[in-house]
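Residue numbering for the sequence shown follows this note's numbering, beginning at 3 and increasing consecutively. Beneath this line is the structure, given in structure tokens, with notes to follow.
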Amino acid sequence: MRALPALSLLIALLLWGPGCIVNDDTAKNGSVPSGAFEYAGFDSTGKPITKGWLTLIYGDSSRISGSWHLDPIVDPQRVGHPTGSGTLRGSATHDVVCVDLFPGYADHNLLLRGTVSGNQFVGEWHRITLVGETNHGTFRAQKR
3 MRALPALSLL IALLLWGPGC IVNDDTAKNG SVPSGAFEYA GFDSTGKPIT
53 KGWLTLIYGD SSRISGSWHL DPIVDPQRVG HPTGSGTLRG SATHDVVCVD
103 LFPGYADHNL LLRGTVSGNQ FVGEWHRITL VGETNHGTFR AQKR
């Protein structure tokens, strides 16, 4: 039964409009674009595992789109947190922001759920596949 709420959230995220295109030059060199959030991801024990950036562009009402680039800072085989570059989609309800870094995929999702307060986006990440949640941790992001 626990997978049902996650699946419902995943389906809702997949139904939203297209995200933004990632600037290939920025994604390749890993620099944080102006106005983006500098991202740090941690495993479930609090150990740093990823770093990078993401943008959050607020559309009509509660829709969010954007782009992201994340690099591993430990052995990529042991990260458990997807890395790379892409577009994101999500929503904001009151102070809760929920975004999917792999919109359109049914078997490979990284969901970020947290709060944006001032220049900070802080919360939890959840890696979800067809079998359900396979990994999780926390993240914090500071707007630059």
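Just so it is clear, CB atoms sit at the ideal spot from N, CA and C, and this is done for glycine as well. Model, not experiment: these values are computed from the prediction.
- With fewer than 16 other Cβ atoms from the protein chains shown falling within 10 Å of its own Cβ, residue 132 counts as exposed.
- If only complete runs of 3 or more residues are kept, the region 42 to 111 shows the beta strand (DSSP E) at 50 to 56, 65 to 74, 86 to 95 and 98 to 102, in order along the chain.
- When the five nearest sequence neighbours on each side are left out, the beta carbons in the same chain lying within less than 6 angstroms of the beta carbon of residue 83 are those of 43, 51 and 52, in order along the chain.
- Put simply, the backbone Cα of residue 89 is about 19 angstroms away from that of residue 118.
- For residue 124, the enclosing beta strand (DSSP E) covers residues 122 to 131.
- Note on geometry: alpha-carbon atoms of residue 135 and residue 145 lie some 28 angstroms from one another.
- With contacts defined as CB atoms closer than 8 angstroms, residue 41 and residue 143 qualify as a contacting pair.
- Between residue 57 and residue 68 the beta-carbon gap is near 4 angstroms, inside 8 angstroms, which marks them as a contact.
- In this structure, the alpha-carbon of residue 111 lies about 7 angstroms from that of residue 103.
- Residue 78 counts as exposed, since fewer than 16 other beta carbons sit within 10 angstroms of its beta carbon.
- Distance from the CA atom of residue 114 to the CA atom of residue 126, rounded to whole angstroms, is 6 angstroms.
- Just measuring C-alpha positions, the residue of 92, 55, 74 and 81 sitting nearest residue 64 is 92.
- Exclusion of the five residues before and after residue 66 leaves 58, 59, 60, 90, 91, 92, 93, 94, 99 and 101 as the residues of its chain whose Cβ lies within less than 8 angstroms of its Cβ.
- Its chain contains 50, 51, 52 and 53 as the residues whose beta carbon lies nearer than 8 angstroms to that of residue 75, once the 5 sequence neighbours on both sides are disregarded; these appear in chain order.
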